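With our numbering as the guide, the letters of the sequence shown map in order to residues 15 to 441. No residue lacks a Cβ here, since even glycine has one placed at the ideal position from N, Cα and C. Note that the structure is a prediction, hence the values are computed from the model and not measured. So the structure is just underneath, and the comments pick up after that.
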Amino acid sequence: MSLDAALAAKILKAVDDNFDRQMALTADLVRFASQRGAEGPCQDFVQGQMEQRGWVIDRFAMDEAAIGRHPGGSPFAPEHSKAPIVVGIHRPKQETGRSLILQSHVDVVPPGPASMWTRPAFEPHIEGDWFYGRGGADMKAGHAAMFAVFDALKTIGLQPASTVTVQSVVEEEATGNGALQCHLRGYRADAVLIPEPEEEKLIRANAGVLWFRVEVAGLPVHVSHAGSGQNAIEAAFGLIAALRGLEADWNAKKGEHALFADDPHPINLNIGKIEGGDWASSVPAWCSFDCRIAIYPGERPEAMQRAVEATIQAASRNDRFLSNNPPRVVWNGFTTEGYVLEPGSEAEATLGRAHEAATGKPLETMVTPAYLDTRVYALYDQVPALCYGPISENIHGFDERFSVASMRRVTRTMALFVAEWCGVEPI
Ligand code: ZN
């Protein structure tokens with residue numbers, strides 16, 4: 015059953031009227047340089063916003079042991095964030111609607127060299143239709159929109175008529191453990207919406223992700239006797255080439271995964287970071303490189319981890335030094351499975367109606383070969399987990415930006431979705 019047309023029109027107008035305030039809140043969030051491990055002040059700010067709206071607050075740390083026991087848990091590296099997770103719970107006067115979890119992450123990826131940015135990464139600014147700043151698109155715009163939905167309803171004297179749990183998590187960019195911790199904390203709902211920047215489309219499926227570091231040993235000698243040493247950096251090149259072979263093999267299997275068959279290259283290996291050596295005139299005794307690779311939905315991370323280890327072992331066997339000094343593969347982040355959003359749910363139909371009413375166009379779906387926190391709810395709660403958000407460019411790159419007009423449409427959709435899914439009641 016869709017929303018009453020007059021009510022829908024009132025809600026859409028309320029979103030538009032509140033929109034400047036919503037963009038100001040987005041800018042406030044982007045000013046926090048909430049990179050991994052440094053999300054605390056941003057979470058404090060988020061908690062303050064939740065308190066201002068009268069929500070019940072739950073602030074908690076990650077439970078490393080419990081995460082370690084869960085099949086969806088990723089290992090804790092020393093860099094793992096210790097910042098808290100902050101949850102705000104809206105309780106209605108009368109529970110008449112369906113419950114909902116809204117979730118966003120506040121962690122952002124490093125901005126990279128400042129010289130590559132047109133303006134400083136953490137100084138948000140709008141130019142034309144684009145809102146610039148690291149973490150604006152991914153995903154503080156969506157974060158602010160969760161608040162904006164409540165604010166818009168409030169201006170017309172309404173609030174959701176069911177429990178809405180608003181979860182502000184960390185570690186989305188490295189492990190997915192923040193979302194998993196919310197699950198372990200016991201939060202459940204009839205549906206979940208995560209407003210990641212996804213081109214105003216609904217995510218039908220996403221890939222799992224593995225993170226690992228390969229540590230390569232060498233034999234240090236003076237460069238004048240380089241032939242008797244073993245260059246760890248050059249050995250790493252050979253191992254990277256072997257991993258590229260594995261990547262090609264996995265891409266060649268895309269036909270077995272119907273949702274990914276049309277993607278020209280669904281499995282991407284990224285060599286994200288490399289370190290090694292100590293001195294220009296010494297043969298380097300060590301090299302380590304950090305990698306990320308995707309896996310298809312339905313593949314278990316453990317099996318794919320064994321395939322990565324076997325690839326490194328096989329490549330090492332061809333080398334006399336490496337066969338006696340095998341490189342170490344360290345699992346230091348994402349160890350996550352992909353998911354498929356099963357079509358036909360009432361939550362998806364509701365989002366579709368909301369999107370069409372807000373934008374005038376039918377809701378399209380897409381498949382993404384990247385990690386999304388929705389996997390926790392799809393895989394372990396088995397509830398409709400909807401990932402849907404604004405048009406963006408350059409996330410994880412320079413001059414990250416989202417479309418302001420798109421964000422307005424997405425907020426309009428979210429407000430109509432909440433009103434229909436949860437129902438509304440007078441404040
Ligand atoms: Zn994100």
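Using the Cα positions of residue i and residue j, report the straight-line distance between them to the nearest angstrom.
{"i": "G190", "j": "A79", "result": "15 Å"}
{"i": "A159", "j": "D333", "result": "54 Å"}
{"i": "E313", "j": "R83", "result": "19 Å"}
{"i": "W457", "j": "A371", "result": "Because residue 457 is not part of the residues shown, which for the chain are 15 to 441, the question remains open."}
{"i": "P341", "j": "L43", "result": "42 Å"}
{"i": "R112", "j": "I409", "result": "33 Å"}
{"i": "F74", "j": "E270", "result": "41 Å"}
{"i": "Q173", "j": "H369", "result": "20 Å"}
{"i": "S48", "j": "R148", "result": "9 Å"}
{"i": "K267", "j": "P280", "result": "10 Å"}
{"i": "V184", "j": "Q195", "result": "10 Å"}
{"i": "Q319", "j": "F416", "result": "35 Å"}
{"i": "P92", "j": "L198", "result": "22 Å"}
{"i": "V343", "j": "A299", "result": "17 Å"}
{"i": "L430", "j": "F251", "result": "52 Å"}
{"i": "L336", "j": "R35", "result": "59 Å"}
{"i": "K96", "j": "A433", "result": "35 Å"}
{"i": "L114", "j": "E229", "result": "44 Å"}
{"i": "Y310", "j": "Q396", "result": "18 Å"}
{"i": "E445", "j": "D204", "result": "This structure cannot speak to residue 445, because the chain is shown only from 15 to 441."}
{"i": "G352", "j": "G51", "result": "25 Å"}
{"i": "Q57", "j": "S295", "result": "47 Å"}
{"i": "T373", "j": "D30", "result": "13 Å"}
{"i": "S406", "j": "R306", "result": "22 Å"}
{"i": "V418", "j": "P138", "result": "13 Å"}
{"i": "Y394", "j": "Q117", "result": "16 Å"}
{"i": "R202", "j": "A28", "result": "29 Å"}
{"i": "G347", "j": "F226", "result": "7 Å"}
{"i": "S182", "j": "D276", "result": "34 Å"}
{"i": "S238", "j": "A308", "result": "42 Å"}
{"i": "R426", "j": "E323", "result": "47 Å"}
{"i": "N282", "j": "E261", "result": "7 Å"}
{"i": "P440", "j": "T364", "result": "22 Å"}
{"i": "V424", "j": "V60", "result": "21 Å"}
{"i": "E109", "j": "G437", "result": "9 Å"}
{"i": "M380", "j": "A392", "result": "16 Å"}
{"i": "G192", "j": "L400", "result": "17 Å"}
{"i": "A41", "j": "W293", "result": "44 Å"}
{"i": "L21", "j": "L355", "result": "29 Å"}
{"i": "L386", "j": "A188", "result": "11 Å"}
{"i": "L26", "j": "Y402", "result": "18 Å"}
{"i": "A272", "j": "R218", "result": "12 Å"}
{"i": "S129", "j": "F412", "result": "10 Å"}
{"i": "V100", "j": "L17", "result": "31 Å"}
{"i": "G259", "j": "M37", "result": "45 Å"}
Run through the DSSP bridge pairs and tell me what residue i is partnered with.
{"i": "F303", "result": "V228 and I288"}
{"i": "Q49", "result": "V122"}
{"i": "S296", "result": "H236"}
{"i": "S406", "result": "F416"}
{"i": "I217", "result": "M380"}
{"i": "I208", "result": "C401"}
{"i": "G222", "result": "I309"}
Since residue i is in the beta strand (DSSP E), which residue starts that stretch and which ends it?
{"i": "F416", "result": "R415 to S417"}
{"i": "V180", "result": "V178 to V183"}
{"i": "Q173", "result": "L172 to P174"}
{"i": "G439", "result": "What sits at residue 439 in the sequence shown is Glu, not Gly. Unbroken beta strand (DSSP E) run through E439: V438 to P440."}
The alpha helix (DSSP H) spanning residue i covers which residue range?
{"i": "Q244", "result": "Segment: none, Q244 is in no alpha helix (DSSP H) and carries neither H nor E."}
{"i": "P448", "result": "Nothing about residue 448 can be read from this structure; the chain reaches only from 15 to 441."}
{"i": "K27", "result": "A19 to D31"}
{"i": "N191", "result": "N191 to R199"}
Can you find a C-beta in chain D that's less than 8 Å from the C-beta of residue i?
{"i": "A329", "result": "Within the model displayed, chain D is absent; a lone protein chain is all it includes."}
What are the start and end residues of each continuous alpha helix (DSSP H) run of 4 or more residues lying completely inside the region 66–154, in chain order?
-> 78–83
Within 6 Å of the ligand ZN: residues by beta-carbon to any heavy atom = H119, D152, M153, E186 and E210
In chain order, which continuous runs of the alpha helix (DSSP H) of length 4 or greater are located wholly inside the region 339–383?
-> 360–373
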